[in-house]
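Going by this note's numbering, the sequence shown opens with residue 23, and the numbers climb by one from there.
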Amino acid sequence: MQRSLDNPNRDAAFAFDNSYARLPERFYAKLAPTAVRKPRLVKLNVPLARQLGLDPAWLASPEGVETLAGNKVPKGAEPLAMAYAGHQFGSWVPQLGDGRAILLGELRDANGVRRDIQLKGAGPTPFSRNGDGRAALGPVLREYIVSEAMFALGIPTTRSLAVVMTGEEVLRQDGLLPGAVLTRVAQSHVRVGTFEYFANRGDSEGVRQLADYVIERLYPALQRDENRYRALLDGVISRTAKLVARWQLVGFIHGVMNTDNMAISGETIDYGPCAFMDTFNPAQVFSSIDAGGRYAYGNQPRIAHWNLVRLAQALLPLLGANEEQALASARAAIDAFPAQFETALFSGLLRKIGIDDAKDGDVALAGDLLERMAANKVDFTLSFRLLCDAAERGDAADGPVRRQLLLDVLLQLGRNAVGRAAVAGSAAGANRQHVDRHAADVGGNRDRDLRVDRDVGFVDVEVEREIIQHVREIDVDERGDARDPVHHRLACAFDPVRGG
23 MQRSLDNPNR
33 DAAFAFDNSY
43 ARLPERFYAK
53 LAPTAVRKPR
63 LVKLNVPLAR
73 QLGLDPAWLA
83 SPEGVETLAG
93 NKVPKGAEPL
103 AMAYAGHQFG
113 SWVPQLGDGR
123 AILLGELRDA
133 NGVRRDIQLK
143 GAGPTPFSRN
153 GDGRAALGPV
163 LREYIVSEAM
173 FALGIPTTRS
183 LAVVMTGEEV
193 LRQDGLLPGA
203 VLTRVAQSHV
213 RVGTFEYFAN
223 RGDSEGVRQL
233 ADYVIERLYP
243 ALQRDENRYR
253 ALLDGVISRT
263 AKLVARWQLV
273 GFIHGVMNTD
283 NMAISGETID
293 YGPCAFMDTF
303 NPAQVFSSID
313 AGGRYAYGNQ
323 PRIAHWNLVR
333 LAQALLPLLG
343 ANEEQALASA
353 RAAIDAFPAQ
363 FETALFSGLL
373 RKIGIDDAKD
383 GDVALAGDLL
393 ERMAANKVDF
403 TLSFRLLCDA
413 AERGDAADGP
423 VRRQLLLDVL
433 LQLGRNAVGR
443 AAVAGSAAGA
453 NRQHVDRHAA
463 DVGGNRDRDL
473 RVDRDVGFVD
483 VEVEREIIQH
493 VREIDVDERG
503 DARDPVHHRL
513 ACAFDPVRGG
């Protein structure tokens, strides 16, 4: 029997209404956070607190900080660690679960959206697998900064409410580090690995209960759908395709796209060895243990597709009256991902270069730009920023700007061998010699081909030394990865079937 999500439990500080805690006990382990020695507030996200209906002044008070550290369990909370499994770097791990995170409960924000309130680094749980259940300050600050940056960029993501230092140290490979607790806010913490957990135990009823829960909470419009479980799979695929396309459009590398790190809500979750790229390289990775490049930037669409296949497998008992029907339904859903991803990616990419009304050839144009950005090892973010700068020069400079648009970017950001420096000359002269088509007509109707003659050589100018405000990698493994040169069109690198 399906359980209702509505059972409000109001409190002066947190208006908890804990739907996940009303699922069967095999879905989680109930336990309180482990108290810390000397909690101290480092950062409070005041706008988010207000969005959640929380009083920032109370959160910053001694009582509030004790709550954010896990020392005090607020009224109405039902703390628990969620059970899940997952494929990690392609290998099956039958039990993972929240090893250092504890879900305090859920509340509704100012828009009526249900949000999880979770303490990350709150101490050991039955799923810790010999870990200490704690978090170091550096990774906690990284997650706060990057998750809030993603939110500001309009990319679906978990968010960070607060960072509290614990007054204790944690032992890591780098030695003793200051400990911290992150208060994470999410639309849900249900993952692909949560479905895998029950499916691989043969617990079809658990899969059904979880699917019903997710539909009611995250996809309520599907509740009356005659084939709601297939519709759920379609919905997760759609959200994931759009999410990963948005990652690609800002040069974001998640780092560890295991199935236990992919949220059913379509939010970015679990910011580990993540980064925003500087130099554009589809083979770039940011995890020191990703020696094979499984989770490289250019592989992210393919891995998302692979993870969604694992979700479809878990849902098979719900997708048809028999195995043949279920497999056919799953295949049809999964096969829709590549086209959905490509549509989201290239529509976003065309917008980035100022093309609102796409025409035939524009997708090839955008792919050609990406190919040249990779070949010339330009800064991903600043390439697009300079295109904007060129467009903003105004109508008076319309003709010269549009003819010189792409060359400006590559001259300012390009790096190349010393032997090619002979092509140095004025930008206008280089433009006359090498640009074979006019650049993008931002907002107009002129020829919008950004291609540059394939024989062109780009000057290795020293402008890079003066570039400021890069979107830098934060606390990541910064090893250069040159093992895989770009050997085919970058458009293929984005393709979940052919790329990477």
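Using N, Cα and C, we set each Cβ at its ideal position, and we do this for glycine too.
Residue i versus residue j: straight-line alpha-carbon distance, rounded
{"i": "R373", "j": "A380", "result": "9 Å"}
{"i": "I167", "j": "P161", "result": "10 Å"}
{"i": "T147", "j": "W328", "result": "29 Å"}
{"i": "G112", "j": "D411", "result": "43 Å"}
{"i": "R72", "j": "P78", "result": "7 Å"}
{"i": "E495", "j": "D300", "result": "Below a pLDDT of 50, predicted positions are generally treated as unreliable, and E495, at 32, falls in that range; the measurement from the model is reported next regardless. Those two C-alpha atoms are separated by around 8 Å."}
{"i": "A326", "j": "R213", "result": "13 Å"}
{"i": "L193", "j": "L367", "result": "41 Å"}
{"i": "K264", "j": "W114", "result": "26 Å"}
{"i": "F302", "j": "R48", "result": "45 Å"}
{"i": "V58", "j": "L198", "result": "16 Å"}
{"i": "M395", "j": "T281", "result": "31 Å"}
{"i": "D262", "j": "F220", "result": "Looking at the sequence provided, one finds Thr at residue 262 rather than Asp. The straight-line gap from Cα to Cα measures roughly 22 Å."}
{"i": "V478", "j": "P116", "result": "Because V478 sits at a pLDDT of 28, beneath the cut-off of 50, its placement in the model cannot be relied upon, and the following sentence gives the value as read from the coordinates. The alpha-carbon atoms of V478 and P116 are separated by roughly 53 Å."}
{"i": "A174", "j": "A343", "result": "44 Å"}
{"i": "G119", "j": "L387", "result": "45 Å"}
{"i": "T403", "j": "V272", "result": "7 Å"}
{"i": "G320", "j": "K142", "result": "30 Å"}
{"i": "V483", "j": "L163", "result": "Its pLDDT being 32, under 50, V483 is placed unreliably in this model, and the coordinates cannot settle the point."}
{"i": "A305", "j": "N398", "result": "14 Å"}
{"i": "S369", "j": "I275", "result": "20 Å"}
{"i": "F298", "j": "K94", "result": "36 Å"}
{"i": "R407", "j": "A43", "result": "46 Å"}
{"i": "Q110", "j": "F149", "result": "16 Å"}
{"i": "D384", "j": "D225", "result": "48 Å"}
{"i": "P339", "j": "G315", "result": "33 Å"}
{"i": "D357", "j": "N283", "result": "22 Å"}
{"i": "E345", "j": "L81", "result": "52 Å"}
{"i": "G92", "j": "Q362", "result": "42 Å"}
{"i": "S41", "j": "T179", "result": "21 Å"}
{"i": "I291", "j": "Q270", "result": "16 Å"}
{"i": "Q434", "j": "I377", "result": "At Q434, the pLDDT of 49 sits below 50, so the modelled position is not reliable; the number obtained from the coordinates is stated separately. Their Cα atoms are separated by approximately 23 Å."}
Sub-8 Å separation of residue i and residue j beta-carbons
{"i": "A107", "j": "G215", "result": "yes"}
{"i": "L125", "j": "L90", "result": "no"}
{"i": "V185", "j": "V266", "result": "no"}
{"i": "A334", "j": "L240", "result": "no"}
{"i": "Y317", "j": "E165", "result": "no"}
{"i": "L330", "j": "I259", "result": "yes"}
{"i": "E100", "j": "G127", "result": "yes"}
{"i": "Y235", "j": "L45", "result": "yes"}
{"i": "T56", "j": "G176", "result": "no"}
{"i": "A208", "j": "R268", "result": "no"}
{"i": "A171", "j": "A202", "result": "no"}
{"i": "G257", "j": "S309", "result": "no"}
{"i": "R246", "j": "A355", "result": "no"}
Candidates the options: closest to residue i by CA position
{"i": "N133", "options": "L74, N93, A386", "result": "L74"}
{"i": "E414", "options": "E393, I375, F308", "result": "I375"}
{"i": "G86", "options": "T205, L387, H276, G228", "result": "T205"}
{"i": "F359", "options": "P323, L53, A37", "result": "P323"}
{"i": "V68", "options": "I139, P242, S182", "result": "S182"}
{"i": "L371", "options": "A354, L338, S405", "result": "S405"}
{"i": "D196", "options": "V203, I291, L159", "result": "L159"}
{"i": "S169", "options": "R332, C296, A43", "result": "C296"}
{"i": "K97", "options": "T179, A82, D39, E191", "result": "D39"}
{"i": "L337", "options": "R230, G155, A43, F363", "result": "R230"}
{"i": "E364", "options": "G389, A37, L163", "result": "G389"}
{"i": "L70", "options": "A397, G228, M279, I139", "result": "I139"}
{"i": "G228", "options": "P200, T180, E191, A105", "result": "A105"}
{"i": "P200", "options": "N152, K60, L129", "result": "K60"}
{"i": "G155", "options": "A54, L244, V135", "result": "A54"}
{"i": "I311", "options": "P339, M279, L232", "result": "M279"}
{"i": "G37", "options": "R130, D378, L392", "result": "Looking at the sequence itself, residue 37 is Ala, so the reference to Gly does not match. Out of R130, D378, L392, R130 has the C-alpha closest to the C-alpha of A37."}
{"i": "E88", "options": "A35, A51, Y50", "result": "A35"}
{"i": "V135", "options": "E238, E393, A51", "result": "E238"}
{"i": "H211", "options": "A82, E248, Y50, G92", "result": "Y50"}
Residue i at chain D interface by Cβ criterion, 8 Å
{"i": "D247", "result": "Of the protein chains in this structure there is only one, and it is not chain D."}
Notebook entry, point to check: Counting Cβ pairs closer than 8 Å, one from the segment 187-199 and one from the segment 59-78, do we hit at least three?
Noted result: yes
| field | Contact the segment 344-355 vs the segment 281-294: 3+ CB pairs below 8 Å | value | no
task: Jot down the residue ranges of each uninterrupted alpha helix (DSSP H) in the segment 158-195, minimum 4 residues, whole runs only, in chain order.
output: 159-174
Query raised in the report: Which ranges does the alpha helix (DSSP H) cover as unbroken runs of at least 4 residues, wholly within the segment 305-350, from first to last along the chain?
Result: 322-337
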